[in-house]
Every structure is written in C-alpha cells, then in structure tokens.
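So the structure is just underneath, and the comments pick up after that.
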C-alpha cells in the first residue's frame, strides 16, 4: 500500500520534493516521522512541519537535515520547523513578522525559490500581513502550511472569512493552489474531513508541480502527510571531507623506519622553501604508507531503536485507521484510538530502552571524546555541516567556490588600512617617517635570545604543542611526536637556517582560513564569521620555540604592563575581575561611587598594524635574529578560505596577525602594552588581551565622570596613533553605587554617547550596579539547569550511566560553573547563594539516584562533595596562596590587605581569617612564577635514563638495573638520593649516599614538606656536593619518577624554586663533570638505594637542618586537610542524616563498586541514605497516609532489615549468609557500611530484597 506512492516519488531524478505535515507535537509524533522518512528511497529535499510544540530548550534532529525553527515563547503549542536536506543551497530570510512563518530561500539551476512554512492558529487572517511578507521575498514562491481557511476553491464545502482572504491573496499575486480537492485532515470524533492544509505556488512552479495527500498512512496526527513535487532540479553541493589519518591504527615503528630511509634524500642545499617542501614530502610519504585514512561514516538510520514490535503496532494502527475511514462507527473509532495509544507507547518505550542501553555503556572506561560527543548531542549542539547561501549587498554566493571567494574578500577588507579612516592613516604615515630607521634588518645578535636553537627546545615545543587541524601541507602534529633524533636534527637544521637568514618559507606565511560562525549572528552574512587560520605545523613548532624565548625576554625584564593579565604565565581572568570587585567594595565602604568603562576594540587582531608592532618590538629592545624573524613572519602573508573541500583564491593580507597562531597573542599584548600609558595615577586599569576596563571612584560623580572622559580621550589618541579604533557601540559603562539620583552626565568616544547599563558581563562575570550578585547567580543557575536536563537523559533507575561518569559530568559542567569567580561572588547574601546550593543538591541526587527526600548533608558525604560554602572558602584560600607567592607589583595583591570597617568585603575578610586559622601565614610561600637567573636555552640538556621504566616484566627490572650499575666504570661515581616523610608527624628528611667512597649525608628539612620536595632536595644536595668535590663523571640514582620527569621538562608547578636551583647548579658545573640521572626501583633490593633509604629515614630524628618555604601544592594539601576537618566537624554536629552517619561517619571519601549494576547501585545508595520507596519516605512527600508498616511501626530501612516480623524468615536467611561472610554484629553499619567484603554483603542484601518483594519498592 505504501509502495504505490513511493514508486510515484521516484519517477524523475530531476524533481525535488516537499513533505508537508501538521505534526500536532513533534515530541509525541516526531519519532514516527523519522521512521516514515527512513522508508523513503530518496528522502524529500524539504520537510515543512507545523505545530511542532517545541520550546527553545527542547531539540529535535533529523539526521541528514539542517533544522530551522520558529518556536512560540509566550504560550504553549504552535511553532514551525523546516528541515533542509544537507547539500542544498539555502538561506534564511528574516521576514520580521508577527505570523508563525518561516521563510527559506533555496536555489535551483535556474533561479532561487522561496519556501514559506506557515501556521495559522485559528486566528482571523489579514491580507496586509501577507503583503508585508511578499515585499521582503523574491518570487517564485511556495507557501506551505496549515492556513485554517475554508473555500470551495480547494475542496471545502463552505467559504469562511479566512478563505476569502486567502483567495484575495492568491489573485493579487497570481498564485496557484496545488490542492486537488482531497481532504487533508480527518476529525475522528465528528467523522468529518477538512481541507485546511494548503500548498500554494507561483504559476511557473505550479505548471511543473504535482500534489498528493497520503490518506492511507497516519503518523499519529489528525492531519495527513502531503507530498509536493516540482519539476526543477535544485542546486546541491556534494560535501567532500578533507581526508584525515586514523592514528588509532598507525604503525609508528614502520613510520619511523620509513622516515629513516627517506631522510637522506632531503634537499638541504637549496633555498629554505625547497628544504621545507622536501621535509614535508618526506613525512607525508612516510605517513601515507604506514597510517590509514579514516573511512567515511556510513549513513546512520534515523530510527535505530525501531523493532518488530513497533512495526507491528504501526501496521495495526494503520489498518484500524483505514477501517475507520471506510466504516465510521464508534467502535472503530475507539479501536483506532486504542491502537494509536499502543503504538505511541511502544515507540516511546523502544526509544527509551535503546537510549538506556547506550547510557549503560557509559562508564570510566568510555573514551572522553565519546562521552562529550553524547553530551553535546543531548544538549542540541550539532556541527553545522554546510554553510548557507551568503549575501553581501546585492551579491549572492551559492556554490562553495562563490562562498569561499566572498569570505576571502570580506576578510581581506577587514585587514585593509583604508577602513581606519584618513586621520589614522595620516598619523600612521607620520609615525612611519619618524621611525623608518627602526624597521631595517637588525644585525645585533649579542643578546642570548638570538642564539641558535637546541634540540631540547625543539623536543619541548613538539611535546607541548596541541594536535590542532593541519594547514595546506596536511601534516599533523602527531607525526612530529614520533620522529627519531635523525629526523629532528634535520628539522632543527632547517629552523636554525631560517633563524640565521631571517627569511621564512613562503608556505609558512600562508594560512588556510576556516570560517566559524559567531554565536547569535546571521549565518548568511560573511562578516558574522570568525576567521580561524590553519598554518603549517612546521611553522607552529618554530613559533612555539620563538614564543618561549620572546616571553622569557619580556617577563624577566618586566617589560609587560602590570595590568595585562591575558596570555601570561600564572595569570587568569580572575586577576582582572577581582581587582575591579575589590575597588568597588572599598568605594561602597567609603560611600563612594565607581564609574567603570568596559572597552571593546574593533577587529583587534585583524587591524593590528604590522610596522607599528615592529616599532614597539624595537623600543622594547628586541633585536637581531628575533626581530628579523618576527618581521618576516608578519610581512607578505597570504590567506585563502576553505569551504568544504573547495578553496578560494589566494589574497595578501595588509594588517593583522593570524588568529589561531601560536605567537599572535604575545605580539598583540606587545602592541597594546601602552594603551593606558598616558593615563595618570588614581585610575583602576585592567587588560585581558583585548578586553579592557578603566574605572575611577569618588563621591563627586561629575568630577569622576570628567576624569574618566579625559582618560577616554587619551585612549582615543592612542588608538588613532597606532591604528586601532574603540567600538563606541559596544563600549559600555556602569556607575556602581547606592546613589538614587545621579547627575545627567554622559561619556563620549569619537563624539558618540556611550551607553550606560545597569549590568555588564566582564570576562564571564556579571557586574551589577549594587553588586548584589543576584544576576550572576541567576545566570549560573540557568546554565546549570540546562546541564541538569542533560544529566536526566543519562540516568534512570532501570538503566543509566554509572555514578562515576555522572560525577565526571557534574564536575566538568556544573561544578566548574559554580567555581568560576566563586571567591568574588562569595560576598553575596545567603539568600542569593542558597539558589546554587539547590543546584548542587539536584545534580548530586541525579548522580547517585537518591530519593528526593534525602538529606542534603548526607547526599554530599555520599558523593564526596564539599558543601558549596566550604568549597568557596577552599578556592579562596588557594587564590590567597597564589597571591602570596606573587611579586609585590602584582595588581591583585591588594586583596590581601584588609580595610578596617569595610562591611562589603566580607568574603576576603573571612578568607584571611581562615588563612590565620590554618596557619598559612606562618608558613613561607614559594614564588609560583620564578624565572631562571640565566636563559633556559643555555642550560645543557640533562642526560636522564628512564629506559628501565619501559620494561613490562617488573621482575626483570631490578636485575637489569644492577647489571647497568655494575657496568659503570670505576671512575664514574654512583650517588644514590632519596627522601622520606613521616605521615603522622609530618617530619621530612633527605639522604645522599656515594657508594664508592662510603659518603653518607642526611639532612632534616621543614615539617610538612612533601615526598616530592624531599626527593628534589636530595638531588640538589648531591649536586652541591658534586660542585664542591669536582668529580669527572657521576651517575645520580633516584627512585622518584616524578622528580626525574620534572627535571627532564625543566618546569614544575609544585617546586619551581628547587627545580631552578638544580638547573642553575648544572649550568655552573657545565662540562667540568658529566652527569647522568638514572631511575632505579625503590625497595627492590638495589643495595645503594636501600642504604640511602635508611639514611633518609634516620634523618627524621635529627634536629631541623634546612628551613624551606612551603610550595603551592603543599599549602593546597594543608588547605584541603584543614577544610576536610571542618567538614567532618559539621557532619558530626549535623542533625539531619543521622541514619547515614551511623553507616559512614567520616567525610571526604567516596565508595564506588563498579561491579554492581547501575540499578543495584541506586537501590543500595537509597538504603544507605535511609530514604527510599518505603512507607516512611512516602509519608514525608505525601504519598502515604501514615508511613507505618503492616506491623504498625514506622517502615524505615532499620525496621525492615532488623525488626519487622513480616520478614522474619527472609531475615534469618540473610543473617546466615552474612555469618558465612564473617559478619558477627548485625546492624545497618554492617549491612551498608563499606568493608573488604562489600560486594558479597551487597549481593546478600539485594537477594533479601528480591525474596521479600521489596526490591521494586526501593
């Protein structure tokens, strides 16, 4: 029966089709729609749906289609959705109408066609509404939808007012109704048909159009699906993906062998361009023969959940529907409705079960990328597969080639100097004349920054580089991680040649630009896209090496402005946010106001003046090879835009740095380093890359505004001089304070009045006039509620994701949002902050499947999560430690100063009190940003032997180590180092043992030092002895992998001071002594290592020899321990959750048993918490009359398992099983507490639940 119309749909391949349907809820009937489309051999090009009943928070996706929607926001029901088949060239037309109408323009081989999807919710039609829409679109046109209009013209038995309006509309615009008189809706109760779904087209389309209504098939709605066919082929773009390598199946050993065989054929005698090309071809050829390409994904079914039961239910429903149409009797109507409900239920259950089976596969072993992919799909985040038709002025770009060319013209125009205006161009020319001498080739190479690169720098750059998308050379960063030293030497030789000559290969200065749509922008406007540059990976690696040196040069000399926090080591957005917050609170305390202007630079990266940047580099003291390299990197750059697999023409870029480049952020920071240079003292200043803010406080608002205006004029002049323009439309200002009446004054830029706002989002934090933080907390709550909706999709009592996976999602998506800026908004009132406590409780309840009456304190302990107020204290103390370890010029150090009587700075007063309470102020604090006294690249590469770690058979490690040590010559001293720490007293010590001469050195260092610190100090002490004794050759043996790995990288977050001291000693020793570091297994019978371990432990009983400042990581452990104890005290005093306290009295630990199913884990969690489906819990939520058991006592977990007479026999069996497991005392603690036999005890408890029939109730 369906075959007849499906054959009809395949008559001509030159036809295109529209499927039209009033769904009466895509949530209820959408799954049948997907199943219906799956049965097409050739799916329709457009699917126009009315009455979607969707809300912006809900998503509906048909694979293979782009979804365009108009949803109702003021009330339920209604809505339209148009699904455009992937590959069609289309664009959305903004008709700005009050009607529920969606206009899409698609392109055929002859011209464009406008398709309007319309729904009229039984309202009177107005002809002028249609006129307004027709004025904004181009013909030919197709109107599709539910007009709710009656007229004999399309088969109705009467004519109403709406029918008259539609008839007038058709006559006015010479349109044709495609309906052939067949009804489009069947009213089951009344047994009547109507003709309200219309298909109207322009006459030239109607001549080659056909219309058919599928009356024999219902999709759950009372409207029939309608198919429209038009005899004009549409333009399609076949999306060809760029080939990508499948690294999971790479044969890296074969890859290295192939590279070794080809490295000798590299042409390194000619130009750097040929040399670069030769290296790229070598790597590419080796990759092609050893690494397969990823296969194109198969087209997935739109309804993978569909089973035989669903098919049978749909067929039965359709038979009942046809019978009802043939014999319209009440009994047939009832039978049809029953079978329709059965089909809906079966389809819903099938989809739910399919989804739950997928969720059940999510666990700790699930790859993270698969987990995030599932989360994004559930959130409605889908990658846009095809860029719609673009329009710029009167020019329209339809094909990918046309789009790419339009993009490249748009991007090139942004980089042109003409857009800056004549005044800026004039000042630029004057500045160029004065500073022309600075732009020549520099020959001053005396500074260490201009030394040739080392192999260690190259390896570090490769290891630290991100595996980003490749450029035009198609080389992935992953290739370079598997190159051997021979190939790396060849690459290093190329880099040093480029460094010496100061000329980069042309391929390095070419970028393939991928346009990324900015959030909330018009997708048909080419200026709505952000250009992301994909450059050659070889260039990125050298950029990383150059950037590391340039940053070291700038930071060690203090050349960067203190107010700049963007892209700087040890700094974040919180510095800018917290300084502004602190100034506002101090102003409130003094009854002052704060006027803050938030600046926005127009096209900041794209309009950067290259010559001006080089002038600033020269003024900072950058000379020689570094200067020449940066200059050639910036000049004569070219781009081409890639859309799909098609690239545009190549154009040259006049200004700007490539977005996505490694060195661009640093160069941009240099360019705007002096933006506030001419502003006098007394202003608050902040920069995070191009996001800036300037503020001033005082009691006289007019005076403050006048001072701010003077500062803005200074910023204007700076921008005019250096080619930047501050966007007057995007720059806003806020007056913070409690004054009700403010003078009528304003701020101006370029003669335009700046907008005064009450709330502004600055670096992710919402600042409001009175700093109540209510807006920011509400924004966080709304963001988290969307994540909670995703989490609900992943959980279920029957099947669902494991708790560990759910906690991972909670910490990544919800807790991270709650943490950001928490020590800033922590000063909000308890009422405001309580909203976030609710979010946390709801999220944790979803994670473990707890009953909704479960006490929140018990819920927190069960999931191992601190209360939010304690977590805010923890994060605040960690930031306090960071500030303590910063230099005095660090702007955010003002937070450490308590102002007497400042009632608005409550939170950081509490933080300082906690710091004193935990003894943090008594401890010294290591500077967390500490640079070496010499350039890091002049330090020789450490010889660190870690080969024994690769041995898979651990039993063979010790014999191999002993053999290696025995093979060392007698002239090579073997020094063993070790550290020790008593976990109870906190005492720490180190040991050094020189085996050949029997030298033993033991020292006790500061209490509280970590094992990592003691291991590093032991190595440092050994190096001090070497520096003094001057042996010719030494092997230092340590059993700390972490310490040796840290020395290999030369970087440490925990103890940068000790690592820098070690590297400094190695540099001083130089070539006078050959030093080798070797890892040896601890406590494995290596004689020297056992001896030094004994020396280190003996040192714990000595008096203090060395006083060390505490490292950042060690202080964090102190903070964690202190706050965990506070949490423990609160848990002991808490009145709620006493049942769970008897089971788990200690906080801070989370017990997970992955061997249990998700369903069983949820049941046991509810029993542990004491709140489940038993009568007492049901009574609390009003679902039970008394909460009593059949025996007349409150039905609680304790009562059921230990007291109830009803389950006496089953309890005897349970206790017998537990006795066999060694359980002597029977209590809720022994039943649900964690022990070594937790899994076996849990199985016995679950068996008891099954035997008593309580399992389904829990």
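Residue numbers (mature numbering (1 follows the signal peptide of the UniProt record, and there is no 0)): -23 to -1, 1 to 1235.
For every residue, glycine included, the Cβ atom is placed at its ideal position computed from N, Cα and C.
- For residue 447, the nearest candidate out of 226, 541, 261, 441 (CA to CA): Taking the chain shown and counting its residues from 1, the one referred to as residue 447 is at position 470. Cα-wise, what sits closest to residue 447 is 261.
- Terminal residues of the beta strand (DSSP E) in which residue 739 lies: Position 762 of the chain shown, counting from 1, holds the residue named residue 739. 736 to 739 is the extent of the beta strand (DSSP E) around residue 739.
- Any alpha helix (DSSP H) of 4 or more consecutive residues that is wholly inside the segment 103 to 147: 104 to 113
- Query: Got a sec? Which residues, its chain only, sit under 8 Å from residue 746 by beta carbon, not counting five neighbours each side?
  - Reply: Reading the chain shown from its first residue, position 769 is the one you call residue 746. The beta carbon of residue 746 sits closer than 8 Å to the beta carbons of 711, 712, 713, 714, 735, 736 from its chain, once the five residues preceding and following it are set aside; these are given in chain order.
- Message: Please classify residue 625 as buried or exposed, where buried requires at least 16 other C-beta atoms within 10 Å of its C-beta.
- Response: As a first step, residue 625 must be located in the chain shown, where it is residue number 648. So residue 625 counts as buried.
- What does a CB cutoff of less than 6 Å around residue 730 pick up in its chain, not counting 5 residues either side in sequence? Position 753 of the chain shown holds residue 730. These residues qualify, in order along the chain: 723.
- Item | Reduced DSSP secondary structure (H/G/I, E/B, other) of residue 708 | Stepping through the chain shown from its first residue, residue 708 is reached at position 731. It is coil, neither helix nor strand.
- Assigned exposure category for residue 304 - 16 Cβ within 10 Å defines buried: Residue mapping note: residue 304 aligns to position 327 of the chain shown, counting from 1. Per the 10 Å Cβ criterion, exposed.
- Task: Spatial neighbours of residue 199 within its chain, please: CB distance less than 7 Å, with the 5 preceding and 5 following residues excluded, ordered by chain position.
- Result: Taking the chain shown and counting its residues from 1, one reaches residue 199 at position 222. Only 1, 162, 163, 164, 165 meet the Cβ criterion.
- So what does residue 954 bridge to, in DSSP terms? On the chain shown, position 977 is the one that residue 954 refers to. DSSP lists 969, 1015 as partners of residue 954.
- How far does the beta strand (DSSP E) with residue 1056 in it reach, from first residue to last? Against the chain shown, residue 1056 aligns to sequence position 1079. Per DSSP, residue 1056 belongs to the beta strand (DSSP E) from 1051 to 1056.
- Message: For the pair the segment 1025 to 1041 and the segment 1065 to 1079, tell me if three or more CB-CB distances fall below 8 Å.
- Response: no
- Query: What's the gap between the Cα of residue 31 and the Cα of residue 203?
  - Reply: As a first step, residue 31 is located in the chain shown; it is residue number 54 there, counting from the start. As a first step, residue 203 is located in the chain shown; it is residue number 226 there, counting from the start. When rounded, the distance between both Cα atoms is 21 Å.
- Item | Rounded separation between residue 419 and residue 564 - CA only | For the purposes of this step, residue 419 is taken as the residue at position 442 of the chain shown. For the purposes of this step, residue 564 is taken as the residue at position 587 of the chain shown. Each residue's alpha carbon lies about 50 Å from the other.
- Going by other Cβ atoms of all chains shown within 10 Å of its Cβ, with 16 needed for buried, is residue -6 buried or exposed? Counting from 1 along the chain shown, the entry for residue -6 is found at position 18. That one is buried.
- Query: Name the DSSP bridge partner or partners of residue 742?
  - Reply: As a position in the chain shown, residue 742 is number 765, starting the count at 1. Note: residue 742 sits in a beta bridge opposite 739.
- Query: Apart from the five residues on each side of it in sequence, which residues of its chain come closer than 7 Å, Cβ to Cβ, to residue 740?
  - Reply: Translated into the one-based positions of the chain shown, residue 740 becomes position 763. Hits under 7 Å: 550, 553, 554, 665, 668.
- Buried or exposed: which applies to residue 680, given that a residue is buried once 16 or more other Cβ atoms fall within 10 Å of its Cβ? In the chain shown, residue 680 corresponds to position 703, counting from 1. That one is exposed.
- Message: Measuring straight from C-alpha to C-alpha, what distance separates residue 121 and residue 254?
- Response: By 1-based counting over the chain shown, the position of residue 121 is 144. By 1-based counting over the chain shown, the position of residue 254 is 277. If I take the Cα positions, the gap works out to 56 Å.
- Message: What does the alpha-carbon distance come out to for the pair residue 284 and residue 1140?
- Response: Position 307 of the chain shown, counting from 1, holds the residue named residue 284. Position 1163 of the chain shown, counting from 1, holds the residue named residue 1140. Each residue's CA atom was taken as its position, placing residue 284 and residue 1140 some 30 Å apart.
- Query: Exposed or buried, which one is residue 1045 when buried takes at least 16 other CB atoms within 10 Å?
  - Reply: As a position in the chain shown, residue 1045 is number 1068, starting the count at 1. Label assigned to residue 1045: exposed.
- Query: Counting Cβ pairs, one atom from each stretch, are 3 or more of them under 8 Å apart for the segment 17 to 28 and the segment 79 to 99?
  - Reply: yes
- Three-state secondary structure (DSSP) of residue 42: Start at 1 with the first residue of the chain shown, and residue 42 comes out as number 65. In this structure, residue 42 counts as strand in the three-state DSSP scheme.
- Task: Express the C-alpha separation of residue 425 and residue 463 in angstroms, rounding to a whole number.
- Result: Looking up residue 463 in the chain shown gives position 486. Looking up residue 425 in the chain shown gives position 448. Answer to the nearest angstrom: the Cα atoms are 26 Å apart.
- Message: For residue 1173, which residues in the same chain have their Cβ closer than 6 Å to its Cβ, ignoring the five residues on either side in sequence?
- Response: Looking up residue 1173 in the chain shown gives position 1196. So the list reads 1153, once near-sequence residues are dropped.
- Query: So what's residue 765 in DSSP terms, helix, strand or just coil?
  - Reply: Numbered from its first residue, the chain shown carries residue 765 at position 788. Of the three classes helix, strand and coil, the one that applies to residue 765 here is helix, per DSSP.
- Task: Go ahead and label residue 523 buried or exposed: buried means 16 or more other beta carbons lie within 10 angstroms of its beta carbon, across all protein chains shown.
- Result: Within the chain shown, numbered from 1, the residue matching residue 523 stands at position 546. The residue in question, residue 523, is buried, as its Cβ has 16 or more Cβ neighbours within 10 Å.
- Does the beta carbon of residue 1150 fall short of 7 Å from some heavy atom of the ligand FAD? The ligand FAD is not part of the structure shown, which contains no ligands of any sort.
- Message: Can you look up residue 82 in the DSSP assignment and give me helix, strand or coil?
- Response: Counted from its first residue, the chain shown places residue 82 at position 105. In this structure, residue 82 counts as strand in the three-state DSSP scheme.
- Other residues of its chain near residue 1220: CB distance less than 6 Å, five sequence neighbours each side excluded: Locating residue 1220 in the chain shown gives position 1243, where the first residue counts as 1. Cβ neighbours of residue 1220 beyond the five flanking positions: none.
- Item | Residues sharing a beta bridge with residue 726, DSSP | Residue mapping note: residue 726 aligns to position 749 of the chain shown, counting from 1. Note: residue 726 sits in a beta bridge opposite 729.
- Output the distance between the C-alpha atoms of residue 436 and residue 429, rounded to the nearest integer angstrom. Sequence index remark: in the chain shown, residue 436 carries index 459 (1-based). Sequence index remark: in the chain shown, residue 429 carries index 452 (1-based). C-alpha separation (whole angstroms): 15 Å.
- Message: Please tell me whether residue 38 and residue 77 are closer than 8 Å, where the distance is taken between their beta carbons.
- Response: For this step, residue 38 is matched to residue 61 along the chain shown. For this step, residue 77 is matched to residue 100 along the chain shown. Contact: no.
- Task: Indicate whether residue 652 and residue 574 have their beta-carbon atoms separated by less than 8 Å.
- Result: The residue labelled residue 652 in the question sits at position 675 within the chain shown. The residue labelled residue 574 in the question sits at position 597 within the chain shown. Result no, Cβ atoms of residue 652 and residue 574 do not sit closer than 8 Å.
- Task: Compare the Cα-Cα distances from residue 1209 to each of 1166, 1118, 1158 and report the closest residue.
- Result: Counted from its first residue, the chain shown places residue 1209 at position 1232. Nearest option by C-alpha distance: 1118.
- Task: Buried or exposed for residue 591, please, with buried defined as at least 16 other CB atoms from any protein chain shown within 10 angstroms of its CB.
- Result: Counted from its first residue, the chain shown places residue 591 at position 614. Its Cβ being crowded by 16 or more others within 10 Å, residue 591 is buried.
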